[in-house]
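Structure first, then comments.
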Amino acid sequence: MTGEPPARQRDWSALRGGRTRIGLGCDYNPEQWPRELWPQDVDLMRQAGLTFVTLGVFSWSLLEPEPGRFDLDWLGEVMDLLHAGGIAVDLATGTASPPPWLSHRHPETLPVDRDGRRAWPGGRQAWCLSSPVFRDRAVALAEAMATRFGDHPALALWHVGNEYGCHNAACYCDTCAESFRHWLAGAYPDLEALNAAWGTAFWSQRYGDLAQVLPPRRALTPSNPSQVLDYARFCSDALLGQFLAERDVLRRVCPDVPVTTNFMTLNHFRDLDYHRWASEQDVVSTDHYLVATQVDAEAELAFSGDLTRGLARGEPWVLMEHSTSAVNWQPVNPAKQPGQMLRNAVSHLAHGADALGFFQWRASQAGTEKYHSALLPHAGTDTRIWRDVMRLGSLVERLDGLAGTRVSAEVAILWDYAAGWALNQPSQPSELVRYGDEAQALHAALLRHGIAADVVHPHQDLTGYRLVIAATLYACDDRAVRGISDAVRAGSDLLVTYYSGIVDEHDRVRLGGYPGALRDLLGIRVEEFWPLLPGERVLLDDGATGGIWSEDLRLEQAAAVARYAHGPLAGVPATTRRDADGATRWYLATSLRGEDLDRFVSMVIAQAGVEAPVDAAHGVERVVRTGESGSYLFLINHTDRPVQVAAHGVELVSAHRVDGTLTLAGGGCAVVRQSSNESS
Amino acid sequence: MTGEPPARQRDWSALRGGRTRIGLGCDYNPEQWPRELWPQDVDLMRQAGLTFVTLGVFSWSLLEPEPGRFDLDWLGEVMDLLHAGGIAVDLATGTASPPPWLSHRHPETLPVDRDGRRAWPGGRQAWCLSSPVFRDRAVALAEAMATRFGDHPALALWHVGNEYGCHNAACYCDTCAESFRHWLAGAYPDLEALNAAWGTAFWSQRYGDLAQVLPPRRALTPSNPSQVLDYARFCSDALLGQFLAERDVLRRVCPDVPVTTNFMTLNHFRDLDYHRWASEQDVVSTDHYLVATQVDAEAELAFSGDLTRGLARGEPWVLMEHSTSAVNWQPVNPAKQPGQMLRNAVSHLAHGADALGFFQWRASQAGTEKYHSALLPHAGTDTRIWRDVMRLGSLVERLDGLAGTRVSAEVAILWDYAAGWALNQPSQPSELVRYGDEAQALHAALLRHGIAADVVHPHQDLTGYRLVIAATLYACDDRAVRGISDAVRAGSDLLVTYYSGIVDEHDRVRLGGYPGALRDLLGIRVEEFWPLLPGERVLLDDGATGGIWSEDLRLEQAAAVARYAHGPLAGVPATTRRDADGATRWYLATSLRGEDLDRFVSMVIAQAGVEAPVDAAHGVERVVRTGESGSYLFLINHTDRPVQVAAHGVELVSAHRVDGTLTLAGGGCAVVRQSSNESS
Amino acid sequence: MTGEPPARQRDWSALRGGRTRIGLGCDYNPEQWPRELWPQDVDLMRQAGLTFVTLGVFSWSLLEPEPGRFDLDWLGEVMDLLHAGGIAVDLATGTASPPPWLSHRHPETLPVDRDGRRAWPGGRQAWCLSSPVFRDRAVALAEAMATRFGDHPALALWHVGNEYGCHNAACYCDTCAESFRHWLAGAYPDLEALNAAWGTAFWSQRYGDLAQVLPPRRALTPSNPSQVLDYARFCSDALLGQFLAERDVLRRVCPDVPVTTNFMTLNHFRDLDYHRWASEQDVVSTDHYLVATQVDAEAELAFSGDLTRGLARGEPWVLMEHSTSAVNWQPVNPAKQPGQMLRNAVSHLAHGADALGFFQWRASQAGTEKYHSALLPHAGTDTRIWRDVMRLGSLVERLDGLAGTRVSAEVAILWDYAAGWALNQPSQPSELVRYGDEAQALHAALLRHGIAADVVHPHQDLTGYRLVIAATLYACDDRAVRGISDAVRAGSDLLVTYYSGIVDEHDRVRLGGYPGALRDLLGIRVEEFWPLLPGERVLLDDGATGGIWSEDLRLEQAAAVARYAHGPLAGVPATTRRDADGATRWYLATSLRGEDLDRFVSMVIAQAGVEAPVDAAHGVERVVRTGESGSYLFLINHTDRPVQVAAHGVELVSAHRVDGTLTLAGGGCAVVRQSSNESS
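Residue numbers (our numbering), protein chains in the order written: chain A, 1 to 680; chain B, 681 to 1360; chain C, 1361 to 2040.
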């Protein structure tokens, strides 16, 4: 279901100010401010060490104030000023949010939700993902932008749209219904295949004509889950189509400039199948924001970084947006703690970013995002934030040479957006099982052990990893099953957590005992699921405590590692292993957390022979980036106590040489350009 | 408001495989599986001891793949196979869920909610309860089915629609508005009567023309409560009309086959006035599912069984659906505990079922219900569930003779769906007061004492019961008041809990002091309600603790049993009794639970002279079914400790003779065919 | 933004039965009851000491049973009866709720919510605030009423509509969209001014034509906050326009009768800018209901009273509605505690009411409000409630002379409804910050200290107050800033709490450091907000504990009073003071409650020289009303312990002379007509 591996990414070093440099930049919205401020802005950008800004993301209503009349001069003026100041431009096509005149003339371009409610203007991104009217208008603006600015010397990268699917990831209007039917006609050989895939023999849902098929609009009950799953695929593809329409006009008009659109690889956005999108990018870029109430939010950041690197197939990527401090869209929006902005930025680099962008240059004076932090707060330059920005700028300068180096990992965690779309529906055994929770918990446990992991699609070649993890990978198509089997046969250990491999790509159960797709590989057979109620816990005979899930499991070729110690499943295996063909296949039938999970992971990685690059206390993240320019050891202390780590080289955050032992304060971070005899 | 007592039910023993046998069956959806599996299915059904299956419930889109073209041959093939295997058929008319072509051609058949949102296809049962188009199409299918299969030798029972009102119990479309006005024209002599009944003099709601009346669609405030109440009545009647239209065509085409539709007598479905429906059934059938998070869920099962028996006027009934293990529609769906499936099945028999049906034969591979348990799980026959099914099949065989015996009870608990529709609205003194909570709590307390109860409509003849319970029976029409009074005058004790008899059948307050309808009978007068806030408790001077409710009560002819011990109502009576005309009338002005309620109930039943059929520990349910074939003592141990009970006869669960003392494990159950000298 | 100071209120003493008397009355809905009861009603009213009733509020469908046909005779009959009984009439125009025929003929008069859902009839007040059809019909009815009853001798006051904006405070239909554009055309010089004020340069929201502007209907994201703010202003003004249309016809037809409409000055209604409405009233009237679950509900009552007095510019006002006991619209509706009805009534008088009205005379028998308490409960006159009503009637008689006296206060708390509309939107730093919470907490702390406060609009002249409080006054226009500065320069102390003066009247941030509007006055500069998560607390070095909010604050000309004792802001000032120009300016950067707030307030009032009129225990409310007729000391014991207070005069609640020490029971209240040598 994923696209082919991308051609190697196109050179985008202009954005970074040079091949070996790390990029530093931000969204810049000069149209919100008086012209008189613009030169001062460029001066301050230079002082802060910025290499690029992103222009024009939300400027359509100014760039095309009325249909067909383009007013691009003010933007040209800004680009000239930036070029004069040595700042490169990531130029948006400006199509993220249509202007009021579009929906005024064409209300049918406004998206409609499952309930049939139209979304009105007043916010942003109010456009239907199938709308041909929107597409034509967006392509026309992209073409005007390309024609005018395609050879501007400041132009380093095209930025198509913005955060596709943020807010408008789905639409259920009649235009979408028609497009969906068209998509289905391409996805299935005939209507009988669709009826079979969706299981329409039940609930009297059999379609006699494709014209009868609709989006999964609000029904009296949960909608057919296979229909819902296909609709999620369709929406992702329809938005991808909108992206490609703009990208193609840019490639035609100015073929030498690389093109990207900024993804949102973060925990609360899973609506697009980025594996299908990534191969269409000249460089993968993404946005990341922390959620204040999320437990272990910085582990989520690390996971998202590894996922982004996976999308980029290991190549460097652009962090297009993150925040200097608070955001504005949570119920309560705390400021970042002292040192946190730097730590977050370093963490993104550790996971493969070669450029760090922020939203935005100046905090807005009005509108919905005015309380989103920026590089320049409302209070101006005499502020902690601005001083931290300057500090980051100087660190980025010292990191010259890091660009282009790579992270290498011995562990692969499988990730498939569509498996999540299948799982996170109603009518499942337990709504407490959410896609990604186990993957992230295992990733976080590895991080605490100092182990780097790749987060990759199951269709990717997995052979060569010491350990492959399928964490509650509910849906597996045959290709994924083959890929996992191939890796195991080639010597990879395998760790599978509960409720993996249950269904195929149409959400059809693989019969004969769970987990149908992986049953033989693991040597077990599960008769029945025993999900636990909220708050319910089950004790294992190795002292661990499971939550969320248990199941009535029978050993076939596997051995029990731990068993339930009480309750109706007492004596039934909760964790199993099967050693065969030189590889160990672990199965975890319940949900462990904290020390229980850490102990389990210790056992698994020890067996797989996976080790951290350097010794350190539990909770210290350790990542190495290596390349022609050398080897960089990233250390991030996620504990609140000082820790000591052996290191040799130049520590670039403090700009001090280290020879022997490095002390990291609680919450501190370090980047050691390792002396050559120490590079891994 | 209820229908007349039904003619005695028609013979439906073919479904059970014989007059004296208990039926065992399930929904069977062969269209979900390859033809090759069908013969194997019938073999396994025989092995399990099934006597019937229900066919075709959700098959409309296959039975009539396009308008007017019927494809019934595959179903005939299945019926032939079943007949050859000795399995009887409960044949659905197939009209539960219309096919996609119906709403594609006639979107006006889709239901509309209070907010004006249309429900789209993709789920099930998406049809407007007033739709003449739906009715015509459903009747046409029913006629085609009757014509084709009316004399098929496997046919034992007609199953019209399915779970009427599940999901589509109300619709607010313009067609319904018109039907509602028609219904009102029949329900009220003239518009002034309607205006008076609804109290339209307030809030400027007086109707000058019936054409102005609408369903209680979403308003800015709660809608007129009398209008809401009448709309609930109208919806129940409109659905009943749909049932009757199909039933009548079946009776016309094949007059010898009994007809039913499966009710849903369970706690979370109260949308139809089944007392009006029951008299139209040839045999009452129902579905029952446990709710995992419900406190004392098996007491709810027992209550629902007694309610179903009440609907059947004491005659045996069919449990059409329950589950072998988990369902799929709760947030978390736990498996049934070991032994629970058997205990639940026995409990349904204890409350009067003569047939036990399950949903469904094979667990589906796809669709919304694929994680609903079945007789044949995804994992196949080598499973706990299948072994338990076989065990149940052999028990059912041993129960030959039980069919046709009756439960007799000395306690009547009053139940009126419409009283619940009146109560469970906004703008009441307390939303913590929910219809049925006190009735079920009292029923559960009786069960713990081993006392059987009938759950009956207040219009039923109540004379002869030793105890009549009106539990928070908010609304009472004059006929109900007369019925209760008649019973008391004839010697029945009476127990009334708070907030009973407050309004008439139009939700108009009975003036002069609460509880207006029962004030004189009870000898009290309540000045004012003092509902308690969530979590608030009030201590009584007998040591009990009340919740939810209290009130400022004055004694007239009654005596205080207990009084509030503190707070603003200190000294005011909380429980009262009035002894007069040889009967005791109890009043409970607050909500008791647990041991407090048990103590109160002990006092009431001792006074009424009601006793359990055998002595046993508190918490052991004891029910006797008797008839020409003898007497059966059902024992269900709802505690988790072993208990001993005196018994003489053959214990059929274990198939052992018992003579003296029977030991029931915690959670265990027994059915003793009593030796003749022991039958009660 | 507020209207001009009103002309002095018109004489409304007829409602009170005389110039010096306090009014006592209730809503009277005789149309709900048989004609035979009416004379008995008037007799009972006289017995209870009522001086007025409000008639006809919800009677439109009876007064005009079909379009253009008026049926006013029954109402005339009631008025005659009342007049004969000496009861004055507050006559409603009857336009609060339109009759069914209006929406039947004109569905476009039904309001539409943000989601586009029309509100249907069945409740009350279902009319669109911009509807010209509704307006014409309402004016016609008002004119008919005025023509018929304008010179009726019972008529004492006109009561236009009812609780404007209750339920229909906003509508988003196309008619409203058109009216909104018209309103904007009057509010802004041109479209560029609107674009600038709303910050439409962001998110591509720039309007090229006024015709593109819409109400802030449901969007995919929060709508533009300045648009939302202006829409709230527009809605308030549109409803005011509806009021004025009726008022003007009344003034034209019967110019001698004063006119009012009843406001809702209570915590959960903030949808109208009553400061703009108040100046259009001949006498300010309001409704007040307690909320059972509100912490410190009676402090909220006191605050609302002071706010109402502020709206009346210090003149006496009418409490049009409150309740004798329970209301019906909460989830649980407890009865009033013994003594509470009297205490609440006295409290309203203490805050400036000269008339006390209740909803309603008889508890309704049917409809949504049937469980709302009344003067005459369902149980009749032999009830606690009726006896309490009689007791209140006799107290009111003894209060002859109180009418026309005034409360005077040395503290002003600023209140601006529009500041709340700006603050209580999404995309703020913290949704825990709600407009009014700090103002009410400070008001309650003053009350516990026995200090009276005025609650006034910031545009009012503030000079002369000893202390001015701007409590989380998020938005301040320039005029407000000038007003505050003028008062401080004239010697008033100033207390500002966090998140005040952040934006201007368009919700545009005042740049350069927070709080932009008051930064210089306070001598501080806030760099960044540090809102606290739910439940998070921060310790101050004076032992207090802050919640909800903290911030990174720098002292400029101010001194720290207390600092954060731990955490990332350790050492940063949490409370500051600046003494300059003979006045002290306090700043409180976090949220204090309970004893911490009391201690802080003690310090502030001591510094300002503000003192209670008499010494008493903490928690005893003390208010003095004075006038030509003498001085009245109101004492309300909000604690549950008896307290002693020095007093000289006649205590009117008990009708006893007091000379020396008065003892107030817990929850007790007193009104002392002070001997002349003791009056303050």
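We put the beta carbon where it would ideally sit given N, CA and C, even for glycine. On a predicted model such as this, the values are computed, not experimentally measured, just so you know.
Reduced DSSP category for residue i - H, G, I as helix; E, B as strand; rest coil
i, result
"W421 of chain A", "helix"
"R1607 of chain C", "helix"
"Y911 of chain B", "helix"
"E1358 of chain B", "Here E1358 of chain B scores only 46 on pLDDT, less than 50, and its place in the model should not be relied on; the value that follows carries that caveat. The answer is helix: DSSP assigns E1358 of chain B an H, G or I state."
"R798 of chain B", "strand"
"N1997 of chain C", "strand"
"Q440 of chain A", "helix"
"R270 of chain A", "coil"
Within 8 Å, strictly: CB atoms of residue i and residue j
i, j, result
"E1798 of chain C", "T1857 of chain C", "yes"
"V1499 of chain C", "E1606 of chain C", "yes"
"V1800 of chain C", "A1659 of chain C", "For the sequence presented, residue 1800 of chain C should be read as Gln rather than Val. Result yes, Cβ atoms of Q1800 of chain C and A1659 of chain C sit closer than 8 Å."
"A865 of chain B", "L894 of chain B", "no"
"I1965 of chain C", "I1811 of chain C", "yes"
"E1236 of chain B", "F1209 of chain B", "no"
"Q365 of chain A", "V1869 of chain C", "yes"
"P1214 of chain B", "V1692 of chain C", "yes"
"R886 of chain B", "P1459 of chain C", "yes"
Cβ separation of residue i and residue j, assumed to be a contact under 8 Å, to the nearest whole Å
i, j, result
"L266 of chain A", "S236 of chain A", "Between S236 of chain A and L266 of chain A the Cβ distance is about 16 Å, and since that is not below 8 Å, they are no contact."
"W692 of chain B", "D962 of chain B", "7 Å"
"R406 of chain A", "G627 of chain A", "6 Å"
Heavy atom of the ligand PLP within 7 Å of residue i beta-carbon
i, result
"L735 of chain B", "Summarising the ligand content, the structure contains no ligands, and the ligand PLP is consequently not present."
Beta strand (DSSP E) runs wholly inside the region 746–794 of chain B, at least 3 long, in chain order: 768–772
Counting only runs that start and end within the region 1855–1939 of chain C, where is the alpha helix (DSSP H) found for 4 or more residues in a row? 1879–1882
Residues, ordered as in the chain, of the region 421–440 of chain A that lie near chain B by beta-carbon distance below 7 Å: S427, Q428, P429, S430, E431 and L432
What are the residues in the region 109–135 of chain A lying within 9 Å of chain B by C-beta distance? R114, D115, G116 and R117
For the region 1185–1199 of chain B, list every residue whose C-beta sits within 9 Å of some C-beta in chain C, in sequence order. H1186, D1187, R1188, V1189, R1190, L1191, G1192, G1193, Y1194 and G1196
Mind checking the region 883–905 of chain B against chain C and listing, in chain order, the residues whose C-beta falls within less than 9 Å of any C-beta there? W883, S884, Q885, R886, Y887, G888, D889, A891, Q892, V893, L894, P895, P896, R897, R898, A899, L900, T901, P902, S903, N904 and P905
Which runs of the beta strand (DSSP E) fall wholly inside the region 1381–1409 of chain C and span at least 3 residues, in chain order? 1383–1388
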